[in-house]
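Chemist:
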Amino acid sequence: KKILEAVDKTLEAHEKRIATPVLNEVVRDALLWRLPAAKCFNKKQGRIYYACQVSSSPPTIALFCNHPKLFGANYKTYLENKLRQDLGWFGTPLQLEWRKRGERRAISTAEQWLGPRLQPEAAEMFR
1 KKILEAVDKT
11 LEAHEKRIAT
21 PVLNEVVRDA
31 LLWRLPAAKC
41 FNKKQGRIYY
51 ACQVSSSPPT
61 IALFCNHPKL
71 FGANYKTYLE
81 NKLRQDLGWF
91 GTPLQLEWRK
101 RGERRAISTA
111 EQWLGPRLQP
121 EAAEMFR
């Protein structure tokens, strides 16, 4: 009986949707507790602008930041564990997609201006 309860709880967590403001608050708290390390060669600090859940089953979180390569593996693991702890995603895989801010905007702007005139091969360049 305990096993079935655990399976039900895990399935519920697997399909859970989190509102963007709640997710951003958890990410902001994680940043306040521990900032990402600045890269030594150019003294750049990684910044997360906002986060949103792009899908469930498995939960996938898109993190929009200034540059994804500024976040090391240790910090990514820390943030994943913090999200699991604060949002109750135990027992389910959690995918974090680190995106550079503005990628989507640049794609949609190019398609907006060139949309119907783009050949299929050229349209693939912007995707």
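Everything in the sequence shown is counted per full-length UniProt numbering, starting at 1 for the first residue and increasing by one.
Where is the CB? At the ideal position from N, CA and C, for every residue including glycine.
Note that the structure is a prediction, hence the values are computed from the model and not measured.
(1) So glutamate 97 packs on isoleucine 61, CB below 8 Å; how close in whole Å?
(2) When you compare the CB positions of proline 21 and phenylalanine 71, do they come within less than 8 Å of one another, or not?
(3) For threonine 60, report the span of its beta strand (DSSP E) as first-last.
(4) Report the partner residues of glutamate 12 according to the DSSP bridge assignment.
(5) Please state whether DSSP places aspartate 29 in a helix, a strand or coil.
Modeler: By the coordinates alone:
(1) As a working mapping, residue 97 is identified with position 97 in the sequence shown. As a working mapping, residue 61 is identified with position 61 in the sequence shown. The pair is a contact, with the Cβ atoms about 7 Å apart (cut-off 8 Å).
(2) For the purposes of this step, residue 21 is taken as residue 21 along the sequence shown, with counting starting at 1. For the purposes of this step, residue 71 is taken as residue 71 along the sequence shown, with counting starting at 1. Their beta carbons are not under 8 Å apart, which means proline 21 does not touch phenylalanine 71 by this criterion.
(3) To locate residue 60, count along the sequence shown from 1; it is residue 60. Residues 60-65.
(4) For the purposes of this step, residue 12 is identified with residue 12 of the sequence shown, where counting begins at 1. In the DSSP output, where bridge partners are listed per residue, glutamate 12 has none listed.
(5) Here residue 29 corresponds to residue number 29 of the sequence shown, with the count starting at 1. For aspartate 29, the secondary structure class from DSSP, reduced to helix, strand or coil, is helix.
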